[in-house]
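Heads up, the thing below is written out as structure tokens.
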């Protein structure tokens, strides 16, 4: 099977496809999930492939069956109604904002596949009985960057933003933007960020000031050029992270900086991120002793509105070959952007995890083990995810600074190659790969709020720890919900301590004031 673009979304039918049986003809309790097919879909979901539904059924009843089968959160933008399948697949395409040639549709009936192919010839179609072989022939857009791995999270957050915006019928646009709680972080790229930078450079056209595009090798050469810096723009709001959404490439000349490239994902359009980034670079140049900063603009059919970003900040233009160069003194006053917050901590999220948690545990371990870990020291990290809380370099830091350690990363699902054991934290002590009383240190950072029964996880941490072991955990309080995975709880410090009743609490720290902290961290010992 040939396909022009890698597959980003699998759209599946339900009856005799996801499950065996027909919902409108059979007792819903008699429907049997096709476990092998569902597991294949779950695997694709873990790799960043979006999953959706196009089915002729009663939506309310079908959704209830999906919940019973524990698949309620697996699918995005589902279409369950009596419309033609092609119409529903087209609606899914439009809502997810992806190309039809990056969609594959799976159904048990040749008629439905033919109907979709007739209306949407770019969509790949697969008969359910052939899905194993046909899936193997496809190239899937497997996630490697954080943004690609978390397509579903980003889509769900964006859908909630739209719902919120549609409901905001009163007030000014500034009021609406301020209510989003937008946070902006700008950092210099590291080598491991270059793939995401290249991805943005190749895909961003509407908000690309210079209209330049670079291959990954070209981006690496720019990164290695000591005179140039690559800055990455990260954004989050009350609904969750956008990830890395902007790139600025700055040529640091003797007495002035030249922004040779500035580009953004269209997902952030209308939020003032472009102007705020330019203002940041002006201030950064001034702090570096630079008197003037310039930026390039090359007109295309897609980026015709970009010059206003320069002129609204006070830049003045001049023609130069095929470019318009905009210039401004770094002493010029920049706006305050009251609707957003510059959050320096966001700049470290990918590199070092959450600073409050990472700094505490580094200090704690250095104090407790000043000469390094004793032989055979063991750690279990419950709900380790992608490693964003401690940082993906965490296990390397531990071995470098404290010596060899048996380090087990556990989660309910696989995150690339990061997770060692896939298991439910609420029953992990019964898993022979984990067992009871094996670990010197049990960690659970930003995990308990995602469980319907957080006390059960605390009890399990106590079971898997050695009798002389230690538990360290953190939870958010004054923070918006994460949405993915489910986010059930917010704990005040006293409530958090109550979860660990029965253990000896030796430390409790809050990030922010005790009565309204951003997060709380606790250290408890079994004895």
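Numbering (my numbering), first residue to last: 635 to 1161.
Heads up, the beta-carbon is just placed ideally off N, CA and C, and yes, glycines get one too.
Here residue 668 carries a coil assignment [DSSP, helix/strand/coil]. Nearest C-alpha to residue 883 among 821, 925, 871: 821. In the structure shown, residue 955 adopts coil according to DSSP, grouped into three states. Per DSSP, residue 1031 has no beta bridge partner at all. When DSSP states are grouped into helix, strand and coil, residue 646 belongs to the strand group. Per DSSP, the unbroken alpha helix (DSSP H) holding residue 850 starts and ends at 850-858.
Contact between residue 951 and residue 958 holds, with the beta-carbon distance rounding to 5 Å and staying under 8 Å.
No Cβ-Cβ contact shorter than 8 Å links residue 1036 with residue 1016. A straight line joining the alpha-carbon of residue 1128 with that of residue 1114 spans about 20 Å.
By the criterion of a C-beta distance shorter than 7 Å, residue 1088 is surrounded in its chain by 1082, 1123, 1133, once the five residues flanking it on both sides are discounted. When only Cα atoms are considered, residue 863 and residue 1109 end up about 36 Å apart. For residue 750, the uninterrupted alpha helix (DSSP H) segment begins and ends at 744-753.
Less than 8 Å divides the Cβ of residue 642 from the Cβ of residue 683.
In its chain, beyond the 5 residues on either side, 640 have a beta carbon closer than 6 Å to the beta carbon of residue 773.
The beta carbon of residue 1151 is closer than 7 Å to those of 1111, 1112, 1127, 1144, 1145 in its chain, skipping five residues each way along the sequence.
Judged by beta-carbon spacing, residue 910 lies beyond the 8 Å limit of residue 843, meaning their Cβ atoms are not closer than that value. DSSP, read as helix, strand or coil, puts residue 792 in helix.
When the Cα atoms are used, residue 851 and residue 835 turn out to be separated by approximately 13 Å. DSSP links residue 945 through a beta bridge to no other residue. Straight-line spacing of the CA atoms in residue 961 and residue 680 works out to 46 Å.
Within the same chain, 1070, 1094, 1097, 1098 come within 6 Å of residue 1063 by CB-CB distance, once the 5 residues on both sides are set aside. Taken atom to atom, the span from the alpha-carbon of residue 664 to that of residue 1010 is near 51 Å. By the Cβ-count criterion, residue 933 is exposed, with fewer than 16 other Cβ atoms from all chains shown falling within 10 Å of its own Cβ.
When 669, 670, 706 are compared, the shortest CA-CA separation from residue 687 is found for 706. Annotation: the segment 1107-1153 contains the following complete segments of the beta strand (DSSP E) (minimum length 3 residues), in chain order: 1138-1145. Shown here, residue 685 sits in a strand according to DSSP, grouped into three states. Judged by beta-carbon spacing, residue 695 lies beyond the 8 Å limit of residue 754, meaning their Cβ atoms are not closer than that value.
Assigned with DSSP and collapsed to three states, residue 1002 falls in helix. When the Cα atoms are used, residue 743 and residue 1019 turn out to be separated by approximately 38 Å.
Annotation for residue 1096: no beta strand (DSSP E) segment contains it, though the alpha helix (DSSP H) segment containing it runs 1088-1098.
For the options 945, 785, 1100, 965, the alpha carbon positioned closest to that of residue 878 is the one of 785. Contact between residue 818 and residue 907 holds, since their C-beta atoms are separated by about 7 Å, short of 8 Å. Distances from the CA of residue 1130 to each of 1154, 935, 1147 were compared; the closest alpha carbon is that of 1154. Residue 1013 and residue 1105 have their C-alpha atoms spaced approximately 10 Å apart. In the DSSP assignment, residue 837 falls within the unbroken alpha helix (DSSP H) covering 828-837. Look at residue 898 here: in three-state DSSP terms it is strand.
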